[in-house]
Structure formats: C-alpha cells, structure tokens
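Enquirer:
2 protein chains.
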Amino acid sequence: MTVTDEYLSNNAEYAAQFNGPLPLPPSRNVAVVACMDARLDVYRILGLAEGEAHVIRNAGGVITDDEIRSLAISQRLLGTKEIILIHHTDCGMLTFTDDDFKRGIQEETGLKPAWSAEAFPDLEEDVRQSLKRIEANPFVTKTESLRGFVFDVATGQLNEVKAE
Amino acid sequence: MTVTDEYLSNNAEYAAQFNGPLPLPPSRNVAVVACMDARLDVYRILGLAEGEAHVIRNAGGVITDDEIRSLAISQRLLGTKEIILIHHTDCGMLTFTDDDFKRGIQEETGLKPAWSAEAFPDLEEDVRQSLKRIEANPFVTKTESLRGFVFDVATGQLNEVKAE
Chain W
28 MTVTDEYLSN NAEYAAQFNG PLPLPPSRNV AVVACMDARL DVYRILGLAE
78 GEAHVIRNAG GVITDDEIRS LAISQRLLGT KEIILIHHTD CGMLTFTDDD
128 FKRGIQEETG LKPAWSAEAF PDLEEDVRQS LKRIEANPFV TKTESLRGFV
178 FDVATGQLNE VKAE
Chain Z
28 MTVTDEYLSN NAEYAAQFNG PLPLPPSRNV AVVACMDARL DVYRILGLAE
78 GEAHVIRNAG GVITDDEIRS LAISQRLLGT KEIILIHHTD CGMLTFTDDD
128 FKRGIQEETG LKPAWSAEAF PDLEEDVRQS LKRIEANPFV TKTESLRGFV
178 FDVATGQLNE VKAE
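One line per chain: the protein sequences are W and Z, in this order.
In terms of our numbering, the first sequence is residues 28 to 191.
In terms of our numbering, the second sequence is residues 28 to 191.
1) From the DSSP output, in three-state form, read off Z/SER54 for me.
2) Less than 6 Å between C-beta atoms, sequence neighbours within five positions excluded: which residues of the same chain meet that for Z/LEU150?
3) Mind checking the region 161-187 of chain Z against chain W and listing, in chain order, the residues whose C-beta falls within less than 7 Å of any C-beta there?
4) With respect to the alpha helix (DSSP H) encompassing W/VAL89, which residues constitute its N-terminal and C-terminal limits?
5) Is the Cβ of W/ASP153 closer than 7 Å to any Cβ of chain Z?
6) By alpha-carbon positions, which one of Z/VAL60, Z/ASP64, Z/VAL57 and Z/PRO48 ends up nearest to W/ARG55?
7) Tell me, please, whether the region 168-185 of chain Z touches the region 138-145 of chain Z by the rule of three or more beta-carbon pairs shorter than 8 Å.
8) Are Z/TYR41 and W/ILE83 closer than 7 Å when you measure CB to CB?
9) Z/SER97: which of W/ILE100, W/GLN102, W/SER101 and W/ILE90 sits nearest, CA to CA?
10) Ordered along the chain, which non-local residues of its own chain (more than five positions away) have a Cβ less than 8 Å from that of Z/LEU173?
11) Measure the alpha-carbon distance for W/GLY47 versus Z/LEU121 and round it to whole angstroms.
12) Can you name the residues that DSSP bridges to W/VAL60?
13) Can you tell me which of the three DSSP states Z/LEU138 falls into?
14) Between the beta-carbon of Z/PHE166 and the beta-carbon of Z/ILE95, is there less than 7 Å?
15) Taking W/GLU134 as the query, report the chain Z residues whose CB atoms sit under 9 Å from its CB, ordered along the chain.
16) What does W/LEU105 touch in chain Z if you count any residue whose Cβ is under 8 Å from its own?
17) In angstroms, rounded to a whole number, what distance separates the CA positions of Z/ALA61 and W/LEU67?
18) First and last residue of the beta strand (DSSP E) that includes W/SER157?
19) Alpha carbon to alpha carbon, how far is W/VAL57 from W/ARG155? Give it in angstroms, no decimals.
20) With DSSP run on the structure shown, which of helix, strand or coil describes W/GLU77?
21) Strictly by DSSP, which residues pair up with W/LEU185?
22) I want to verify the contact list: residues of chain Z whose CB lies under 9 Å from the CB of W/LEU112, in sequence order.
23) Give a yes or no on whether the minimum CB-CB distance between W/ARG130 and chain Z is below 7 Å.
24) Looking at the unbroken alpha helix (DSSP H) that takes in Z/ASP32, where does it start and where does it end?
25) Can you give the Cα-Cα distance for W/PHE128 and W/ALA144, rounded to whole angstroms?
26) Taking W/ARG103 as the reference, which of Z/GLY119, Z/ASP93 and Z/LEU105 has the closest Cα?
27) Does DSSP classify Z/LEU98 as helix, strand or coil?
28) Any C-beta of chain Z sitting closer than 7 Å to the C-beta of W/ASP149?
29) With DSSP as the reference, label W/LEU173 as helix, strand or coil.
30) For W/GLU77, go through chain Z and note every residue whose CB falls closer than 9 Å to its CB, in chain order.
31) What did DSSP end up calling W/ASP117 once you bin it into helix, strand or coil?
32) Between W/THR107 and Z/GLU77, what straight-line distance do the alpha-carbon atoms span, to the nearest angstrom?
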C-alpha cells in the first residue's frame with residue numbers, strides 16, 4: 028500500500044461531502060504563485076474558498092516561462108487581474124546552488140539539464156526579481172495589482188516585500 | 028481595497044491560530060502535480076496535512092521543463108518518491124488551441140510567445156502523455172509510484188487514468 032492509496036481513500040471521504048460543480052473562472056479574479064513547499068496550504072494561508080483564485084506552484088515560487096504561460100492563460104482566458112507571489116522562510120532553494128545541483132545530476136545520469144534550477148541566496152531579493160520578471164514580460168498584460176510576500180513558516184504570517 | 032488586501036486580513040486570522048514550524052522535507056515523500064484551477068483545493072481533495080507533500084500546479088497540470096525542475100529538486104534534495112498527477116473535468120485547457128491563443132497574444136502585443144500554451148483536446152489522453160513525459164525524462168530518477176487521475180469537479184472524485 029502506497030501513500031497514494033491512502034490519499035485516494037481520503038478522497039472518497041471528500042467526495043462523499045462534496046457540493047459541486049462551481050463555475051470555471053476564478054470568482055475573485057486572483058492568481059497566486061507560490062512555492063511547492065509542503066507546509067504552504069495556500070487556501071488556508073489566504074482564506075481562499077474553492078473557486079476563487081488560480082493557484083500556481085513550483086520549486087521556489089519562481090517565474091519561468093511556464094508561470095508566464097499559466098498567468099497569460101489565467102488573465103486572457105479566465106479574467107484574473109491580481110497576482111500574489113509567495114516565497115517562504117526555510118526554503119529549500121536557499122540550500123544549494125544551480126551549479127552543484129546540475130553537477131550532481133550529470134554525475135548520476137551523464138546528462139546536464141539545459142534548464143536553470145533557479146536556486147537563490149536571498150529571499151527578499153528573489154521576490155523582487157520575480158516581480159520584475161512578471162512586470163518585464165510582454166505576455167502578462169492585464170495585471171491591476173502585483174504584490175510579493177515572504178510566508179514565515181514559524182508564525183504563519185505573510186510579510187510583504189516592498190520595492191527597494 | 029483589493030482582493031489581495033482582503034486575503035491579507037484572512038492571513039492575520041490564520042497566523043493567530045498557527046502552530047509551526049514543521050520540518051522542510053515532505054513527511055509522506057509525495058509530490059503532487061495538479062492544474063491551477065480555482066476549484067481544486069488539493070490539500071482537501073487528497074486529505075493532505077501540512078508538511079506532507081510537495082504541491083506543484085500550473086495551467087492544465089501539464090509537464091514542461093519547469094515541472095521537471097521542480098520534481099528533480101523534490102526528489103533529489105527532499106526525498107519524495109511518489110508522484111500523483113491530476114487533471115480535471117471542465118478544464119480551461121479543453122476550450123482553446125495553442126495556435127488561436129498565441130495568435131491573440133500576437134495581435135495584442137505584436138509578439139508571438141516562443142513557448143507552447145499546452146492546450147489539449149482530450150483529458151485522459153493528456154494525462155497519459157503527461158505521465159509519459161515524466162517516465163521519459165532522464166532527470167526524474169527516484170520515482171517509486173507514478174499515477175494519473177482526472178478530478179471530477181461535479182462529484183469531487185479522483186478517477187484514475189490507466190495506461191492503454
């Protein structure tokens with residue numbers, strides 16, 4: 028029995044209480060980009076109800092072409108206008124460098140990834156440059172509010188990162 | 028007052044009840060890849076407790092280089108071994124084509140994205156090819172369980188997609 032099997036059994040309980048379906052477009056017109064970290068229950072952290080906001084997540088909560096793709100679809104096809112970006116304290120991305128990570132993969136597999144691992148040494152600095160990646164991108168054109176935060180895994184608080 | 032401001036006020040309530048911090052590595056060694064759709068509260072759908080599993084999300088729940096990056100970091104640095112992939116019924120990705128989406132962007136901005144939008148016409152087929160993208164990738168090497176599902180937004184149920 029895998030953990031996946033356990034989670035499927037949890038899903039049967041969830042479905043037994045489920046009331047659906049809700050409409051497809053996010054009812055509050057918000058898109059969140061956050062780290063994949065297991066401790067970030069984004070719906071609880073922001074008090075999101077089902078159906079309110081798109082939630083995009085990856086290692087670090089960084090902005091690459093795939094987050095631009097998701098944000099462009101979110102804004103152009105489904106009407107979101109606000110973006111909330113979330114990094115967090117004690118992040119795995121602070122614990123390594125791209126060079127070492129890619130060297131480790133190459134030593135195991137004989138191949139070096141052509142992509143960046145997107146590790147960063149400073150949380151607030153990376154929130155700022157991630158916001159700038161969104162601002163500078165020509166395909167995310169419908170943004171009315173764009174703000175970045177660091178979630179504190181010790182206190183549960185979102186602390187805003189202001190432009191320098 | 029933006030919706031972001033409202034969510035920050037929700038966060039203050041969340042932090043007031045918060046017990047942390049939990050450890051960084053996912054305690055159940057699972058990584059979930061799911062669509063960004065607002066109706067998918069992944070923690071509730073699977074019964075995830077905080078700290079148990081990485082959650083990676085994007086438009087469609089598709090597999091591009093950025094999901095491979097996140098999965099490689101998840102497995103190599105933080106010890107996950109199971110992958111759960113989730114698409115869902117009534118998905119926005121079923122409603123357009125890459126060509127039309129990119130043409131719309133070009134008509135507005137004068138620029139055509141170099142990336143694919145990753146729209147798909149068939150949910151189960153795209154779950155299967157997404158699982159194959161993971162299996163075929165040389166950088167995701169620690170997988171012990173890999174299974175794909177379609178979440179039904181009308182019933183709350185996860186329905187497994189079997190290999191053909």
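Just so it is clear, CB atoms sit at the ideal spot from N, CA and C, and this is done for glycine as well.
What you are looking at is a predicted structure, and each value in this text was computed from that prediction instead of being measured.
Expert: Once the coordinates are examined:
1) coil
2) Cβ neighbours of Z/LEU150 beyond the five flanking positions: HIS114 and VAL177.
3) PRO165, PHE166, THR168, SER172, ARG174, VAL180, ALA181, THR182, GLY183, GLN184 and LEU185
4) First-last for W/VAL89: undefined, no H or E at that position.
5) no
6) Checking every option, the nearest Cα to that of W/ARG55 belongs to Z/ASP64.
7) no
8) no
9) W/ILE90
10) GLU109, ILE110, LEU112, LEU158, ILE161 and GLU162
11) 19 Å
12) DSSP lists W/ILE83 and W/LEU112 as the beta-bridge partner residues of W/VAL60.
13) coil
14) Against a cut-off of 7 Å, the Cβ pair of Z/ILE95 and Z/PHE166 comes out as a contact.
15) Within 9 Å Cβ-Cβ: nothing; W/GLU134 doesn't reach chain Z, min ~11 Å.
16) GLY119
17) 15 Å
18) Here W/SER157 belongs to no beta strand (DSSP E); instead the alpha helix (DSSP H) covers 150-163.
19) 19 Å
20) coil
21) For W/LEU185, which the question treats as bridged, DSSP gives the partners W/PHE178.
22) Correct list: empty, because the minimum Cβ distance to chain Z is about 11 Å.
23) no
24) 30-43
25) 7 Å
26) Z/GLY119
27) DSSP places Z/LEU98 in the helix class (H, G or I) of the three-state scheme.
28) Chain Z has no Cβ within less than 7 Å of the Cβ of W/ASP149.
29) strand
30) W/GLU77 reaches chain Z at ALA65, ARG66, LEU67, ASP68 and ARG71, counting residues in chain order whose Cβ is nearer than 9 Å.
31) coil
32) 27 Å
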